[in-house]
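Engineer:
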Amino acid sequence: MTDLKRRNLVAALGVAPFVLPVLTAAQSVGTGSKFKVIPSRERIRDRYFPNLSLTTHEGRTVKFYDDLVKDKIVIFNMFYAKCEGICSPVTRNLVRVQKLLSEQLGKDRVGKDIFIYSFSLKPKEDNIEALKHYAEMHKVAPGWLFLTGKPDDMELLRRKLGFVDPDPELDKDISNHIGVLKYGNEPLERWGGCPGMQSPDAIAEAVSWVDWPKNQASLKAKGGTR
Amino acid sequence: MVYISKRSRKKEKDKQIAANNRRELIAAGFKRRDLLKMGLLTSAGMLIPKKGLSAHPLTSAGFVDDDEPNSPPTTPFQELMPRLQVLAPVASLTPAPTIAPNTAAGEARTVPHQAFAQFPPQRFYEMSMQQGTALMALPGELPPQTIWGFNGITPGPMIVERYGNLGSPQNGSILVRQRNNLPAVNGGFGLPSVTTHLHNGHTPLESDGFPCFFQERGQFYDYHYPNVYAGINSTHPGTGDIKEAMHSLWYHDHRIDHTAENTYKGLAGTYILFNEFDTGDENTGFRLPSFGDGQNPLTSFDIYMVFNDKVFDNETGLLKFDLFNTDGILGDKFLVNGKIQPVLHVSPRRYRFRWLNTGPSRFYQMFVLGPNNSTKSFWQISTDGNLLEKPVQVNSSRISVAERVDVIVDFTGQAGKTFYLENRLEQEDGRGPTGDVLGAGQGDKVLKIIVDGPVVADNSIDPATIPANQAVYFYGFPNTNDAPRITRTFRFERGNGQWQVNGKLVGSCEAPPRFAIKRNTVEKWVFQNNSGGWQHPIHMHFEEFQTLSINGNAPSSSGIITRGRKDVFRLEHNMEVKVYFRFRDFVGRFPLHCHNVVHEDHAMMVLGVIDDVGDNKTQP
Chain P
1 MTDLKRRNLV
11 AALGVAPFVL
21 PVLTAAQSVG
31 TGSKFKVIPS
41 RERIRDRYFP
51 NLSLTTHEGR
61 TVKFYDDLVK
71 DKIVIFNMFY
81 AKCEGICSPV
91 TRNLVRVQKL
101 LSEQLGKDRV
111 GKDIFIYSFS
121 LKPKEDNIEA
131 LKHYAEMHKV
141 APGWLFLTGK
151 PDDMELLRRK
161 LGFVDPDPEL
171 DKDISNHIGV
181 LKYGNEPLER
191 WGGCPGMQSP
201 DAIAEAVSWV
211 DWPKNQASLK
221 AKGGTR
Chain X
227 MVYISKRSRK
237 KEKDKQIAAN
247 NRRELIAAGF
257 KRRDLLKMGL
267 LTSAGMLIPK
277 KGLSAHPLTS
287 AGFVDDDEPN
297 SPPTTPFQEL
307 MPRLQVLAPV
317 ASLTPAPTIA
327 PNTAAGEART
337 VPHQAFAQFP
347 PQRFYEMSMQ
357 QGTALMALPG
367 ELPPQTIWGF
377 NGITPGPMIV
387 ERYGNLGSPQ
397 NGSILVRQRN
407 NLPAVNGGFG
417 LPSVTTHLHN
427 GHTPLESDGF
437 PCFFQERGQF
447 YDYHYPNVYA
457 GINSTHPGTG
467 DIKEAMHSLW
477 YHDHRIDHTA
487 ENTYKGLAGT
497 YILFNEFDTG
507 DENTGFRLPS
517 FGDGQNPLTS
527 FDIYMVFNDK
537 VFDNETGLLK
547 FDLFNTDGIL
557 GDKFLVNGKI
567 QPVLHVSPRR
577 YRFRWLNTGP
587 SRFYQMFVLG
597 PNNSTKSFWQ
607 ISTDGNLLEK
617 PVQVNSSRIS
627 VAERVDVIVD
637 FTGQAGKTFY
647 LENRLEQEDG
657 RGPTGDVLGA
667 GQGDKVLKII
677 VDGPVVADNS
687 IDPATIPANQ
697 AVYFYGFPNT
707 NDAPRITRTF
717 RFERGNGQWQ
727 VNGKLVGSCE
737 APPRFAIKRN
747 TVEKWVFQNN
757 SGGWQHPIHM
767 HFEEFQTLSI
777 NGNAPSSSGI
787 ITRGRKDVFR
797 LEHNMEVKVY
807 FRFRDFVGRF
817 PLHCHNVVHE
827 DHAMMVLGVI
837 DDVGDNKTQP
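Here the protein sequences line up with chains P and X, keeping their order.
FYI, the numbering for the first sequence is 1 to 226, going by the working numbering.
FYI, the numbering for the second sequence is 227 to 846, going by the working numbering.
(1) Work out the CA separation of M78 (chain P) and N176 (chain P) for me, nearest whole Å.
(2) For G444 (chain X), count neighbouring C-beta atoms within 10 Å of its own C-beta (all shown protein chains included) and say buried if the count is 16 or more, exposed if not.
(3) Compare the Cα-Cα distances from D708 (chain X) to each of X:K750, X:E736, X:T691 and report the closest residue.
(4) In this structure, what does DSSP give as the bridge partners for V200 (chain X)?
(5) Note down, in chain order, each residue of its chain lying with its Cβ closer than 8 Å to the Cβ of T61 (chain P), except the 5 sequence neighbours on either side.
(6) Going along the segment 395-426 of chain X in order, which residues come within less than 9 Å of chain P, judged by CB to CB distance?
(7) Would the beta-carbon of L431 (chain X) fall within 9 Å of that of F812 (chain X)?
(8) Using a Cβ-Cβ distance under 9 Å, would V95 (chain P) count as near chain X?
(9) Using a C-beta to C-beta distance shorter than 8 Å, which residues of chain X count as neighbours of D178 (chain P)?
(10) Straight-line CA distance for G840 (chain X) to I555 (chain X)?
(11) Just checking: is the beta-carbon of D3 (chain P) within a distance shorter than 9 Å of some beta-carbon in chain X?
(12) From the DSSP output, in three-state form, read off F439 (chain X) for me.
(13) Have a look at X:Y351, X:G393, X:A331, X:G492 and flag the residue whose alpha-carbon is nearest the alpha-carbon of V316 (chain X).
(14) Are the C-beta atoms of R92 (chain P) and some chain X residue less than 9 Å apart?
(15) What's the gap between the Cα of V652 (chain X) and the Cα of S587 (chain X)?
(16) Alpha carbon to alpha carbon, what distance is there between H478 (chain X) and F436 (chain X)?
(17) Considering only the alpha carbon of each residue, which of X:C820, X:V594, X:R580 lies closest to Q668 (chain X)?
(18) Who are the neighbours of Y48 (chain P) on chain X, taking C-beta pairs under 7 Å?
(19) If you count every other CB in all the chains shown that lies within 10 Å of the CB of M766 (chain X), and 16 or more means buried, which is it?
(20) Hey, which unbroken runs of the beta strand (DSSP E) at 3 residues or more fall wholly within the segment 90-160 of chain P?
(21) Assuming the contact rule is C-beta atoms closer than 8 Å, W374 (chain X) and L493 (chain X) should be a hit. Round their C-beta distance to whole Å, please.
(22) Hey, does P369 (chain X) have any beta-carbon neighbour from chain P nearer than 9 Å?
(23) What are the partner residues of Q726 (chain X), as DSSP defines its beta bridges?
(24) With 9 Å set as the bound, which would you pick, yes or no: does the beta-carbon of K220 (chain P) sit closer than that to a beta-carbon of chain X?
(25) Quick check on Q98 (chain P) - is its C-beta less than 9 Å from some C-beta in chain X?
(26) Where do the N-terminal and C-terminal ends of the beta strand (DSSP E) with S600 (chain X) fall, by residue?
(27) Starting from the beta carbon of L731 (chain X), find every residue of chain P whose beta carbon is closer than 9 Å, and list them in chain order.
(28) Span of the beta strand (DSSP E) holding K182 (chain P)?
(29) Using a Cβ-Cβ cut-off of 9 Å, state whether G759 (chain X) counts as contacting chain P.
(30) Using a C-beta cutoff of 9 Å, does P544 (chain X) count as contacting chain P?
(31) Taking 9 Å as the threshold (beta carbon to beta carbon), is S40 (chain P) in contact with chain X?
(32) Do G611 (chain X) and R630 (chain X) have their beta-carbon atoms positioned less than 9 Å apart in this structure?
(33) When you compare each of X:A330, X:V627, X:D558, X:W476 to F589 (chain X) by their alpha carbons, which one comes out closest?
(34) Examine chain P for any beta-carbon lying closer than 9 Å to the beta-carbon of S734 (chain X), and answer yes or no.
(35) Helix or strand or just coil, what does DSSP make of P817 (chain X)?
(36) I need the DSSP call for A742 (chain X), collapsed to helix, strand or coil.
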């Protein structure tokens with residue numbers, strides 16, 4: 001719980017500063033209530049972001065929540081290195097999204113407070129070398145990590161992040177999990193999802209909508225011309 | 227609690243029966259895949275049980291918690307069903323509304339009002355979208371909920387307005403100023419960037435709540451609602467076509483990509499239109515039960531009921547929204563006008579109920595359950611707030627997300643009895659109902675109705691007295707004889723885990739319109755759903771359609787009524803439907819989309835335009 005204290009939030013927001021009103025996430029439920037008062041940000045962490053150990057394509061070991069999600073704007077997707085179907089188009093799409101985010105939200109942002117994470121659907125075969133090869137093949141810029149881990153952990157992560165099909169037969173067809181992106185702003189608790197094959201413009205736009213508020217006025221001015 | 231454990235025992239038994247049935251079917255030569263295609267297997271891999279309605283939410287992890295509901299227990303039928311507050315007009319707005327967007331004063335609108343000079347607003351309303359607190363159950367059972375609402379309440383205040391009398395259309399014109407005073411901190415879900423759709427007004431499209439025309443915190447947006455009948459500037463100049471009258475509407479947030487969380491958090495309200503026929507007074511016009519002031523139980527017999535289902539965190543007791551779900555979200559608590567399973571006291575007479583399902587993803591089939599598991603018939607008078615040709619006696623009405631059904635329920639002679647509104651449509655996850663309808667008393671009771679009010683006069687029409695050979699009691703339907711300029715096909719489907727229309731995704735707000743409708747022309751549209759697993763409530767803004775055929779068959783005027791003017795079509799398993807539209811009078815941007823708001827937020831939408839050129843794309 002200590003890692004979610006207000007000073008950390010303020011520190012996180014220092015990256016893209018704006019004045020946050022008093023944090024009111026924890027609602028009062030009165031004395032003697034059978035319910036716990038837990039900040040909503042903490043509930044989201046507990047519900048969706050297990051703090052698993054993962055390995056990056058650079059060979060680093062990282063904690064999913066502590067190192068990858070906390071205090072950041074993030075984009076999640078699923079892939080595997082030897083994928084012949086939709087992985088490459090989605091990855092190529094995200095390469096363009098990464099460029100667009102730098103152009104539109106700020107050159108220093110991707111890798112500083114905005115990150116892209118691609119999680120392996122085939123952790124048994126996706127070792128560090130395979131991930132590294134995949135990253136280099138697609139010429140991804142810094143701020144984008146390809147991640148693998150224990151198969152059970154990767155499966156848990158996939159389910160926690162909602163890369164699932166309710167039809168168990170279709171759920172086994174992993175191409176159904178590659179076409180989807182999830183994104184969000186962790187401290188601001190703004191989350192969303194969109195198709196991975198959506199146009200890069202549309203994906204960058206969707207991510208900009210969960211950006212720190214200062215960027216939204218300019219986006220509105222831009223979006224309002226239709 | 228007893229109720230719950232009884233249910234899980236039943237569920238266990240159903241599971242065993244289902245497993246046995248499944249083994250038998252597989253032994254008989256059906257493959258698992260066949261069963262899935264036929265929609266006979268649930269996500270848990272078991273056959274759809276014939277009994278037991280699962281109200282358990284599907285988590286984004288793909289699990290259905292079969293044995294315990296997710297929400298804390300609540301005691302049903304303790305609290306009164308609130309009657310929705312009626313919004314009072316204001317004398318004037320500051321700054322005064324302008325035709326051009328008042329950007330300098332903080333207006334978010336970017337397109338000038340196209341019909342302001344023709345229909346100058348006669349009355350003004352102002353609402354503030356803001357955080358509020360709501361008690362959805364008894365105070366000890368759930369803590370106060372933090373919601374986002376129009377004027378801080380959910381459902382939002384009801385706008386009750388009148389069309390101008392025929393020949394004086396400008397008298398119906400109003401303007402509603404929406405202010406975004408939502409907080410930056412959302413408490414777990416919700417995007418404080420909004421656009422308000424009046425579903426489904428014949429509204430100049432800059433005031434329609436286009437998903438990309440959003441207003442940020444601190445901004446306002448003036449919505450001009452002329453409240454005119456379609457045809458006013460085209461087929462029926464000066465009057466509009468009275469057969470296009472609409473009576474039960476609603477307004478809600480329509481922010482692109484974030485509608486599900488924002489409406490779930492409370493941003494939805496109701497909107498009623500009367501005229502000189504549907505007057506709100508049971509002594510005049512069609513003599514439908516009087517609206518009165520909407521509050522007084524002795525004079526107000528026309529009651530709007532807003533249904534939705536929600537989940538509450540069982541540790542904090544607070545509203546829970548499944549952030550990463552892309553399939554559809556089911557709640558295990560059923561709310562009517564903001565209260566979980568409330569109670570309504572009525573007098574022994576006829577009532578008009580206006581039923582609306584705000585979702586996010588559940589479909590209802592509503593029955594009136596009487597004593598000893600009897601099913602009480604009632605009169606359906608509208609589809610999506612549009613009056614049928616005449617009242618039709620039915621046993622139930624099916625209501626998918628965003629659909630409205632107006633009914634007349636006759637409690638005459640029922641003093642002392644208790645009834646329930648019961649949803650008997652089985653649905654186990656966000657994909658849509660299984661297609662099974664449960665037996666009387668086996669569904670979910672959403673509202674208890676006790677006939678213990680005082681005896682009061684009833685001057686409303688008794689639909690039973692309308693002669694059987696009288697074809698039209700209300701307006702009748704507009705003809706569908708004019709030749710369409712174009713027939714377009716829209717295929718609603720799923721590919722690579724993504725929602726698609728004609729194989730395409732919604733695209734950027736910045737992208738050019740996907741297709742263009744020529745103003746004042748007729749179009750025929752074909753909606754297709756090739757899936758046996760998913761259902762989609764398909765909604766078109768701005769104009770009502772009439773259904774021409776469903777899988778080649780004529781729409782039905784009885785039972786589950788599909789003949790009539792509508793703006794949401796329940797596209798069920800493996801269905802192809804043809805519908806007829808006239809696009810008249812106004813121009814601008816519109817969306818066509820799935821109203822399972824979770825599908826809608828994940829790209830199951832087409833953004834088009836009505837202009838004076840049009841295009842010839844047959845599969846946009």
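Ideal Cβ placement from N, Cα and C applies to all residues, glycine included.
Please read these numbers as outputs of a predicted model, since none were measured by experiment.
Structural biologist: On the basis of the supplied data:
(1) 10 Å
(2) Exposed, since its Cβ has fewer than 16 Cβ neighbours within 10 Å.
(3) X:K750
(4) Residue 200 (chain X) lies beyond the residue range present for chain X, which begins at 227 and ends at 846; the question has no answer from this structure.
(5) S53, L54, T55
(6) P409, A410, V411, N412, G413, G414, F415, G416, L417, P418, S419
(7) In terms of Cβ geometry, L431 (chain X) and F812 (chain X) form a close pair [threshold 9 Å].
(8) With respect to chain X, the C-beta atom of V95 (chain P) has no partner C-beta closer than 9 Å.
(9) The identity of residue 178 (chain P) in the sequence shown is Ile, whereas the question assumes Asp. By Cβ distance, chain X contributes N722, G723.
(10) 37 Å
(11) Per-residue confidence for D3 (chain P) stands at a pLDDT of 40, beneath the threshold of 50, marking its modelled position as unreliable; no derived number is given.
(12) coil
(13) X:Y351
(14) Using beta-carbon distances, R92 (chain P) does not count as an interface residue toward chain X, since no partner is under 9 Å.
(15) First, the residue type needs correcting, since residue 652 (chain X) is Glu and not Val in the sequence shown. Roughly 13 Å between the two C-alpha positions.
(16) 11 Å
(17) X:V594
(18) The answer, in chain order, is L549, F550.
(19) buried
(20) 114-120, 144-148
(21) 5 Å
(22) yes
(23) X:E719
(24) A caution first: K220 (chain P) carries a pLDDT of 42, below 50, which makes its placement in the model unreliable, though a value can still be read off. Taking Cβ atoms only, chain X reaches closer than 9 Å to K220 (chain P), which makes this a yes.
(25) No, Q98 (chain P) does not count as interfacial toward chain X.
(26) 600-602
(27) C194, P195, M197, Q198, S199, A202
(28) 180-185
(29) yes
(30) This sequence places Leu at residue 544 (chain X); Pro is not what is there. At least one beta carbon of chain P lies nearer than 9 Å to the beta carbon of L544 (chain X).
(31) yes
(32) yes
(33) X:V627
(34) Taking Cβ atoms only, chain P reaches closer than 9 Å to S734 (chain X), which makes this a yes.
(35) strand
(36) strand
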